[in-house]
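A.B. asks: What follows is a single structure, and I will ask about it in a moment.
2 protein chains.
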Amino acid sequence: MIKVIAKLTIKEDRVEEFKTFVPGLVEETRKEEGCLSYQLFQDLKNKKVLTFIEDWESMEALQRHMKSKHFQEAMPKIAELQEKEMELSVSNLVI
Amino acid sequence: MIKVIAKLTIKEDRVEEFKTFVPGLVEETRKEEGCLSYQLFQDLKNKKVLTFIEDWESMEALQRHMKSKHFQEAMPKIAELQEKEMELSVSNLVI
Chain A
0 MIKVIAKLTI
10 KEDRVEEFKT
20 FVPGLVEETR
30 KEEGCLSYQL
40 FQDLKNKKVL
50 TFIEDWESME
60 ALQRHMKSKH
70 FQEAMPKIAE
80 LQEKEMELSV
90 SNLVI
Chain B
0 MIKVIAKLTI
10 KEDRVEEFKT
20 FVPGLVEETR
30 KEEGCLSYQL
40 FQDLKNKKVL
50 TFIEDWESME
60 ALQRHMKSKH
70 FQEAMPKIAE
80 LQEKEMELSV
90 SNLVI
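First to last, the sequence lines map onto chains A and B. Each residue of the first sequence is one higher than the one before, starting from 0 at the first, in numbering that gives the first Met the number 0. Each residue of the second sequence is one higher than the one before, starting from 0 at the first, in numbering that gives the first Met the number 0.
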């Protein structure tokens, strides 16, 4: 199992727009083969910090996701809404 | 439900020591009331990056955890092993 932690910092005045835009991406991603879990969290104090936490069956499934139409289409939109570069960690379970 | 994402960057030559030390903390934490999940992940490319992903029933349960003996004892050890300050996000689910 692969755990993806993707921490986004969104421009303060675009956070609501981001939250309106994201359900379409989430819905499509959850339908993908090998997607075990795909959730978005928002920091309670710093509302600009939004983190996707994702569980993928395998690296192959994750790579397929990154080539998918909905992901490819979402990327430029997310880039536009971001205040700074996303912090991405592709990890596996220690304990 | 409260999601905690605690991203640690450990000194390169202390990563194995960290991984040896951490199971005691994890075991004690999982016994706590209100701890729904407490897991540690390691970045596949950058082995120094280790992230706790934690689910807590409530903010009260999280605050109790941070006052617990095992947490208070672990903090100085983690501080010693860290290359830089931990990035902590206390979040809730958007979608």
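Glycine included, C-beta positions come from ideal geometry on N, C-alpha and C.
Which residue spans inside the stretch 59 to 89 of chain A form an unbroken alpha helix (DSSP H) run of at least 4?
C.D. replies: Whole alpha helix (DSSP H) segments, 4+ residues: 68 to 80.
A.B. asks: Residues of chain B with a CB under 9 Å from the CB of Glu2 (chain A): which are they?
C.D. replies: Taking the first sequence and counting its residues from 1, the one referred to as residue 2 (chain A) is at position 3. Note on identity: in this sequence residue 2 (chain A) is Lys, with Glu being the wrong assignment. Going along chain B in sequence order, the residues near Lys2 (chain A) (Cβ under 9 Å) are Gln38, Phe40, Thr50 and Ile52.
A.B. asks: How about Leu49 (chain A) and Gln38 (chain A): do their beta carbons lie closer than 8 Å?
C.D. replies: Here residue 49 (chain A) refers to the residue found at position 50 of the first sequence. Here residue 38 (chain A) refers to the residue found at position 39 of the first sequence. Taking a C-beta distance under 8 Å as the contact criterion, Leu49 (chain A) and Gln38 (chain A) do not qualify as a contact pair.
A.B. asks: Does DSSP put Val93 (chain A) in a helix, a strand or coil?
C.D. replies: Here the question's residue 93 (chain A) lines up with position 94 in the first sequence. Note: Val93 (chain A) maps to coil in three-state DSSP.
A.B. asks: What does the Cβ neighbour count give for Ser90 (chain A), buried or exposed, with the cut at 16 atoms within 10 Å?
C.D. replies: Stepping through the first sequence from its first residue, residue 90 (chain A) is reached at position 91. Counting of Cβ neighbours within 10 angstroms places Ser90 (chain A) among the buried residues, the total reaching 16 or more.
A.B. asks: Determine which residues share a DSSP beta bridge with Lys2 (chain B) and list them.
C.D. replies: Locating residue 2 (chain B) in the second sequence gives position 3, where the first residue counts as 1. Answer is B:Asp54 and B:Ser90, bridged to Lys2 (chain B).
A.B. asks: Quick one: what's got a C-beta closer than 7 Å to Glu11 (chain A)'s C-beta in the same chain, skipping five residues either side?
C.D. replies: In the first sequence, counting from the first residue as 1, residue 11 (chain A) sits at position 12. Hits under 7 Å: Lys47.
A.B. asks: Name the chain B residues that come within less than 9 Å of Leu92 (chain A), Cβ to Cβ?
C.D. replies: For the purposes of this step, residue 92 (chain A) is taken as the residue at position 93 of the first sequence. When 9 Å is used as the limit between beta carbons, Leu92 (chain A) is near these residues of chain B: Gln38, Leu39, Phe40 and Gln41, in chain order.
A.B. asks: Helix, strand or coil: how does DSSP classify Leu49 (chain B) here?
C.D. replies: Within the second sequence, the letter at position 50 stands for residue 49 (chain B). Of the three classes helix, strand and coil, the one that applies to Leu49 (chain B) here is strand, per DSSP.
A.B. asks: Classify Lys6 (chain A) as buried or exposed, calling it buried when 16 or more other Cβ atoms lie within 10 Å of its own Cβ.
C.D. replies: Here the question's residue 6 (chain A) lines up with position 7 in the first sequence. So Lys6 (chain A) counts as buried.
A.B. asks: So that I know if they touch, is there some Cβ in chain B lying closer than 8 Å to that of Pro22 (chain A)?
C.D. replies: Taking the first sequence and counting its residues from 1, the one referred to as residue 22 (chain A) is at position 23. So yes, Pro22 (chain A) belongs to the interface.
A.B. asks: Looking at the strands, I want to know which residues DSSP matches up with Leu39 (chain A).
C.D. replies: Stepping through the first sequence from its first residue, residue 39 (chain A) is reached at position 40. In DSSP, Leu39 (chain A) forms a bridge with A:Phe51.
A.B. asks: List the endpoints of the continuous alpha helix (DSSP H) containing Gly23 (chain A).
C.D. replies: Along the first sequence, one-based indexing puts residue 23 (chain A) at 24. Note, Gly23 (chain A): alpha helix (DSSP H), Val14 to Arg29.
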